[in-house]
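Numbering (my numbering), first residue to last: -11 to 47. Cβ atoms here follow ideal geometry from the backbone N, Cα and C, with glycine treated the same way. Reading through the C-alpha cells given below for one structure.
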C-alpha cells in the first residue's frame, strides 16, 4: 500500500506529490521543472531535495 507524500520543492517552494514507494531516485518538479532526488529511509521515500553537487577534482 503506497501513500502520496507532499513535500516542498527547495527551488520554488510549491508542494510536490510523490509516492512513498517510488522506485525512481529522481523526480521532476511539476511547477518549476527542476530535477529533484528522493531521500529514502528503510526503503521508503521520505523527502525530496535538489541534486547533490558533483565532487570536482582539483588538477
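Since residue i sits in a beta bridge, which residues does DSSP pair it with?
{"i": "residue 3", "result": "-4"}
{"i": "residue 38", "result": "Residue 38 pairs with nothing; no bridge assigned."}
{"i": "residue 27", "result": "35"}
Excluding the 5 residues flanking residue i on each side, which residues of the same chain have their C-beta closer than 7 angstroms to its C-beta?
{"i": "residue -10", "result": "7, 8 and 9"}
Taking C-alpha atoms, which residue in the options lies nearest to residue i?
{"i": "residue 19", "options": "32, 3, 25 and 30", "result": "3"}
{"i": "residue -2", "options": "13, 25 and 30", "result": "25"}
{"i": "residue -5", "options": "17, 39 and 13", "result": "17"}
{"i": "residue 39", "options": "22, 12, 1 and 11", "result": "22"}
Excluding the five sequence neighbours on either side, which residues of its own chain have a C-beta within less than 6 angstroms of the C-beta of residue i, listed in chain order?
{"i": "residue 28", "result": "none"}
{"i": "residue 32", "result": "8"}
To which residues of the same chain is residue i closer than 8 angstroms at the C-beta, ignoring the five residues directly before and after it?
{"i": "residue 5", "result": "-8, -7 and -6"}
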